[in-house]
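Below you'll find the structure, written out as structure tokens, and then a few comments.
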Amino acid sequence: MTSNSENILEIETIEVVYDGVIAALHDVSLNVPRGSVVALLGGNGAGKSTTLKSISTMLASERGKVVTGKIIYDGFEVKNQRPAEMVSMGLVQVLEGRRCFGHLTVEENIIAGAYSRKLSKAEIGDELEKIYSYFNRLKDLRKKQSGFTSGGEQQMIAVARAMMAKPKMLLLDEPSMGLAPQLVSEVFNIVKKLNQSEGVSILLAEQNTNIALRNADYGYIIETGHVMLHGKADSLLTNDKVKELYLGISKQGRKNFRDVLRQESEQHPDLHMQLGQTENTTSH
Amino acid sequence: MTEILFFIEVVVAGLLAGTMYSLVALGFVLIYKASATFNFAQGAMVFFAVLSFVGFMELGLPFIGAFFVTILLMGLVGFCTERLVLEPLLNESEDTVLMATIGLGFVLEGLAQAAWGVEVRRLDLGIGDFPIQWIIDSTGLFISALDLTAGVVAAGLILGLSLLFRYTKMGLGLRAVADDAGAASSIGIPLNNIMLMVWTAAGVVALVAGMMWGARAGVQFALVDLALKALPVLIIGGFSSIPGAIVAGLIIGASEKVLEVYIGPYFGGGIEGWAPYVLAIFFLLWRPEGLFGEKIIRRV
Ligand SMILES: Nc1ncnc2c1ncn2[C@@H]1O[C@H](COP(=O)(O)OP(=O)(O)OP(=O)(O)O)[C@@H](O)[C@H]1O
Ligand SMILES: [Mg+2]
């Protein structure tokens, strides 16, 4: 049975197609336990954003469609809902590239995040104070036009704005993108704090494997629309081959991806992979 | 002295006419903000709205009743447009939506004429196109009562709409959608509700403009083209700027009257029709983004 109250999100072998022809995801399955942080890792075009947009139903606005498989969020099947409906069910996506409302002030951006909630002016004020307690830096910028804030600040605005919707689950798409290392850790610290203090479950898409796994409980690695490898964040993190593949550090030069994974499965039985599938569909 | 008085009269009449242009341009700006499309149906909406208003009055409804029934009707037009035209085209390009608004214009023109007939109607608002005595007495200026009413009503409506978009939740939603519709949708701002609001507001604007123009020139098909007077206003003011639409409407109104009176005779008169476009072209060369066109914010 699919509805499992321990998992806030369950994805069962979804296949996603854009424009009716371009297959972006082939057989992605993943679970997000309630209250946890799960990292979704992979390179450019791996299918991370597509996975997140399938969950938030933002996919429809890009002519994408889940053609097979199932997505269960909080016990409900995700099917043909609008993004606004998902938001009122407590699921909010922070889109790749931050996407602040450039002409609105920082505070207006954050308030816009509460659009789906019926709050009085006083309640909005209280909520804002709570948000600013996590995002101290934004409080001083509240009257500034968000288009003129820095990249790191915009990423914080985007997360703060999403938190204003009081989500049970956040989908974060590459929050580290284009940020200096110090800002990346600042953003991740806040995300981790939100997870721990507000209990919000998080599915985090990242190319920055290292920082993502250090802040996650569990990780999935996807390539060309297939889940290649998944396991506890610390076992993935301490795994040399994962580093080799995703940080581009290799002593013996670049190896065939499948060979590396095959070796891994022999050495680390706690990591799971889907090699059979890959061999049939990936051709070089 | 009378020279100066006359000049002031011309400018004031121009500014009052200009508030109407501002108002109609505002209708365009709202829709442009929400869907990044120039609404070619706006002229047809003016015609449709005021013809329906006159039609309801002929059916025996009182003025106020006909006014509100027409506003409801324009809300319905907005609803149908959103459901039947915009929603299915939500993921299509802006060009496709543009073509759809042209089609919508034809549909509204056809519907209006099918429902209410094709003959020119008279619309009597009970306000004459005569100078107001107390203004003549106190300042010596000859200002038409109809011009003044139109100007005041348009200014009031513009003020109301601006406040609505600045200070209400819906207004915040619209400004968010105008900046980034995808991001707005991702945080739960329902795009379809915003569209419905914007089209209804544009419908109200169309009705008021139609009533003011119709009272002077008769309720007729030519109103469709009058709405296109907003085009030079939009070029000067910027397609997405509410203050731009307001100021540019006043500039066009005043300068077109001044040019007509002082330069028109050298061209054999009737330059009101094309002078705004010439003005707009010069403007385009000078400031392509428009007077208040929102500067594009880009960061690296
Ligand atoms: N709107 C779209 N229309 C058609 N194809 C798309 C669209 N968006 C993504 N794709 C394709 O789907 C595949 C997965 O893309 P996706 O954006 O999900 O990757 P990603 O893992 O998020 O990559 P990145 O790290 O670069 O953001 C890619 O091959 C991409 O070209
Ligand atoms: Mg992506």
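Chains as they are written, first to last, in the numbering used here: chain F, 103 to 386; chain X, 3 to 302. Just so it is clear, CB atoms sit at the ideal spot from N, CA and C, and this is done for glycine as well.
TODO: Check each residue of the segment 184-204 of chain X: if its Cβ is closer than 9 Å to any Cβ of chain F, include it; give the result in chain order.
DONE: Gly184, Ala185, Ala186, Ser187, Ser188, Ile189, Gly190, Ile191, Pro192, Leu193, Asn194 and Asn195
- [ ] Entirely within the segment 273-347 of chain F and at least 3 residues each: give me those beta strand (DSSP E) ranges in chain order.
- [x] 303-308, 320-325 and 328-334
Open item on the list: I'd like to check one pair, F/Leu142 with F/Leu305: are the Cβ atoms closer than 9 Å?
Closed with: For the purposes of this step, residue 305 of chain F is identified with residue 203 of the first sequence, where counting begins at 1. For the purposes of this step, residue 142 of chain F is identified with residue 40 of the first sequence, where counting begins at 1. A contact, by the Cβ cut-off of 9 Å.
- [ ] Note down, in chain order, each residue of its chain lying with its Cβ closer than 7 Å to the Cβ of X/Leu286, except the 5 sequence neighbours on either side.
- [x] Sequence index remark: in the second sequence, residue 286 of chain X carries index 284 (1-based). Result list for X/Leu286: Ile237, in chain order.
Open item on the list: Less than 9 Å between the beta carbons of X/Gly239 and X/Leu293, yes or no?
Closed with: Against the second sequence, residue 239 of chain X aligns to sequence position 237. Against the second sequence, residue 293 of chain X aligns to sequence position 291. It is a contact, given that the beta carbons lie within the stated cut-off.
TODO: Please determine, among X/Leu209, X/Ala178 and X/Val207, the residue with the shortest C-alpha to C-alpha distance to X/Ile196.
DONE: Position 194 of the second sequence holds residue 196 of chain X. The residue with the shortest Cα to Cα distance from X/Ile196 is X/Ala178.
TODO: Would you check if there are 3 or more beta carbon pairs closer than 8 Å linking the segment 320-327 of chain F to the segment 286-297 of chain F?
DONE: no
Open item on the list: Please report the distance separating the alpha-carbon of F/Arg356 from that of F/Ala314.
Closed with: In the first sequence, the residue the question calls residue 356 of chain F occupies position 254. In the first sequence, the residue the question calls residue 314 of chain F occupies position 212. For F/Arg356, the predicted structure reports a pLDDT of 45, less than 50, and the residue's modelled location is therefore unreliable. A value from the coordinates is still provided. Computed Cα separation, rounded: 23 Å.
- [ ] Would you list the one or two residues that DSSP bridges to X/Pro290?
- [x] By one-based count along the second sequence, residue 290 of chain X stands at place 288. The partner list for X/Pro290 (beta bridge, DSSP) is empty, contrary to what the question assumes.
- [ ] Tell me, to the nearest whole angstrom, how far the beta carbon of X/Leu100 is from that of X/Phe40; I am working on the premise that it is less than 8 Å.
- [x] Counted from its first residue, the second sequence places residue 100 of chain X at position 98. Counted from its first residue, the second sequence places residue 40 of chain X at position 38. Their Cβ separation, rounded to whole angstroms, is 6 Å, which keeps X/Leu100 and X/Phe40 in contact under 8 Å.
TODO: Just the C-alpha distance for X/Ala250 and F/Met330, rounded to the nearest angstrom, thanks.
DONE: Position 248 of the second sequence, counted from the first residue, corresponds to residue 250 of chain X. Position 228 of the first sequence, counted from the first residue, corresponds to residue 330 of chain F. Whole-angstrom Cα-Cα distance: 59 Å.
TODO: Kindly indicate if chain F contains any beta-carbon less than 9 Å away from that of X/Leu293.
DONE: By 1-based counting over the second sequence, the position of residue 293 of chain X is 291. So, not an interface residue.
Open item on the list: Are the CB atoms of F/Ser138 and F/Asp275 within a distance shorter than 9 Å?
Closed with: Numbered from 1 along the first sequence, position 173 holds the residue referred to as residue 275 of chain F. Numbered from 1 along the first sequence, position 36 holds the residue referred to as residue 138 of chain F. Taking 9 Å as the Cβ cut-off, F/Asp275 and F/Ser138 do not qualify as a contacting pair.
Open item on the list: By the DSSP assignment, the alpha helix (DSSP H) with X/Val206 in it spans what residues?
Closed with: Locating residue 206 of chain X in the second sequence gives position 204, counting from the first residue. That run of the alpha helix (DSSP H) goes Leu193 to Ala219.
- [ ] Taking X/Lys35 as part of the alpha helix (DSSP H), name the residues at either end of that continuous run.
- [x] Within the second sequence, numbered from 1, the residue matching residue 35 of chain X stands at position 33. Per DSSP, X/Lys35 belongs to the alpha helix (DSSP H) from Thr4 to Ser37.
Open item on the list: I'd like to check one pair, X/Phe42 with X/Phe55: are the Cβ atoms closer than 9 Å?
Closed with: Here residue 55 of chain X refers to the residue found at position 53 of the second sequence. Here residue 42 of chain X refers to the residue found at position 40 of the second sequence. No, they are not a contact pair.
Task: Coarse secondary structure for F/Lys172, derived from DSSP in three states - done: On the first sequence, residue 172 of chain F is found 70 positions in, with the first residue counted as 1. Of the three classes helix, strand and coil, the one that applies to F/Lys172 here is strand, per DSSP.
TODO: Count the other C-beta atoms from every protein chain shown that fall within 10 angstroms of the C-beta of X/Ala117, then say buried if there are 16 or more, exposed otherwise.
DONE: The count along the second sequence starts at 1 and reaches residue 117 of chain X at position 115. Per the 10 Å Cβ criterion, exposed.
TODO: Please confirm if the segment 218-229 of chain F is in contact with the segment 248-257 of chain F, defined as three or more CB-CB distances below 8 Å between the two stretches.
DONE: no
Open item on the list: Looking at ligand 1, does it come within less than 8 Å of F/Ile124, judged from the CB to the closest heavy atom?
Closed with: Walking along the first sequence from the start, residue 124 of chain F turns up at place 22. F/Ile124: yes, Cβ under 8 Å from ligand 1.
- [ ] Determine the DSSP secondary structure at F/Asn133, reduced to helix, strand or coil.
- [x] The residue given as residue 133 of chain F occupies position 31 in the first sequence. Residue state, collapsed to three classes: strand.
Open item on the list: Taking only three categories from DSSP, how would you classify F/Gly192?
Closed with: Mapped onto the first sequence, residue 192 of chain F falls at position 90. Residue state, collapsed to three classes: coil.
- [ ] Measure from the alpha carbon of X/Ile73 to the alpha carbon of each residue in X/Leu91, X/Pro192, X/Gly62 and X/Phe50, then state which is nearest.
- [x] By 1-based counting over the second sequence, the position of residue 73 of chain X is 71. Ranking X/Leu91, X/Pro192, X/Gly62 and X/Phe50 by Cα distance to X/Ile73 puts X/Phe50 first.
Open item on the list: Assuming X/Asn194 and F/Ser163 are in contact, meaning their beta carbons sit under 8 Å apart, how far apart are those beta carbons, in whole angstroms?
Closed with: As a working note, residue 194 of chain X is residue 192 in the second sequence. As a working note, residue 163 of chain F is residue 61 in the first sequence. With 8 Å as the limit, X/Asn194 and F/Ser163 do not qualify as a contact, their Cβ atoms being about 12 Å apart.
Task: F/Thr311 CB to nearest heavy atom of ligand 1 below 8 Å - done: As a position in the first sequence, residue 311 of chain F is number 209, starting the count at 1. Not under cutoff, so the answer is no.
TODO: Measure from the C-beta of F/Val302 to each C-beta in chain X and report whether the shortest distance is under 9 Å.
DONE: As a first step, residue 302 of chain F is located in the first sequence; it is residue number 200 there, counting from the start. No, F/Val302 lies away from the interface with chain X (no Cβ there is under 9 Å from its Cβ).
Task: Assigned secondary structure, F/Arg184 (DSSP; H/G/I helix, E/B strand, else coil) - done: As a first step, residue 184 of chain F must be located in the first sequence, where it is residue number 82. F/Arg184: coil per DSSP, three-state reduction.
- [ ] Measure the beta-carbon distance from F/Thr115 to F/Gly171 and round it to whole angstroms, keeping in mind my assumption that it falls under 8 Å.
- [x] For the purposes of this step, residue 115 of chain F is identified with residue 13 of the first sequence, where counting begins at 1. For the purposes of this step, residue 171 of chain F is identified with residue 69 of the first sequence, where counting begins at 1. Contact flag correct, Cβ pair sits at about 4 Å.
Open item on the list: Going by beta-carbon coordinates alone, are X/Arg123 and X/Gly190 separated by less than 9 Å?
Closed with: Residue 123 of chain X sits at position 121 when you count from the first residue of the second sequence. Residue 190 of chain X sits at position 188 when you count from the first residue of the second sequence. Cβ distance not < 9 Å, so X/Arg123 and X/Gly190 don't count as in contact.
Task: Check your reading: residues with Cβ closer than 7 Å to ligand 2 heavy atoms - done: F/Lys150, F/Ser151, F/Glu198, F/Asp275, F/Glu276 and F/Ala307
Open item on the list: Buried or exposed, going by whether 16 or more other CB atoms sit within 10 Å of the CB of F/Arg165?
Closed with: Counted from its first residue, the first sequence places residue 165 of chain F at position 63. Looking at its Cβ environment, which holds fewer than 16 other Cβ atoms inside 10 Å, F/Arg165 is exposed.
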